[in-house]
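Chemist:
Numbering (my numbering), first residue to last: 12 to 124.
1. For residue 115, write down the residues that DSSP places opposite it in a beta bridge.
2. From the DSSP secondary-structure annotation, give me the bridge partner or partners of residue 38.
3. Could you tell me whether any Cβ in chain C is nearer than 7 angstroms to the Cβ of residue 118?
4. Roughly how many whole angstroms lie between the Cα atoms of residue 94 and residue 112?
5. Taking the alpha carbon of residue 54 as the reference point, which residue from 15, 46, 87 has its own alpha carbon closest?
6. Alpha carbon to alpha carbon, how far is residue 38 from residue 65? Give it in angstroms, no decimals.
7. For residue 78, count the other beta carbons within 10 Å of its own beta carbon; 16 or more makes it buried, fewer makes it exposed. Which is it?
8. Have a look at residue 74 and residue 67 and give me their C-alpha separation to the nearest angstrom.
9. At what residues does the alpha helix (DSSP H) containing residue 81 begin and finish?
10. If you follow the alpha helix (DSSP H) that residue 17 is in, where does it begin and where does it stop?
11. Quick check on this structure: which residue in 80, 104, 47 has the alpha carbon closest to the alpha carbon of residue 57?
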């Protein structure tokens, strides 16, 4: 298993896991781009949102609900936060496993990049 997120999920690689349920995990990004930078990662390996299918819609919705809950738990809900799903090389995806970035704790800029 070479996917770093699959290895974190299987506990082969340590991570500060903040939430775990049957479908996903939430942990702190090791290279934070904001004061709060969390990753919401499905336990089932799904390469990207571009590879998602109709049968993945419940999982995709669950990831967003968990992301919103994590943002609330980290005090981001009142002032705002950003959710990012990078897809593919040109979209900035560096790990080939779908993940949602939860970013907050500072003013986000637009356009993002």
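Backbone N, C-alpha and C fix where the C-beta goes; we use that ideal spot for every residue, glycine too. Everything numeric in this text was worked out from a predicted model, so none of it was measured.
Modeler: On the basis of the coordinates in this document:
1. 47, 92
2. 28, 50
3. Here chain C cannot be found, since the structure has a single protein chain.
4. 5 angstroms
5. 15
6. 27 angstroms
7. buried
8. 11 angstroms
9. 68-84
10. 15-20
11. 104
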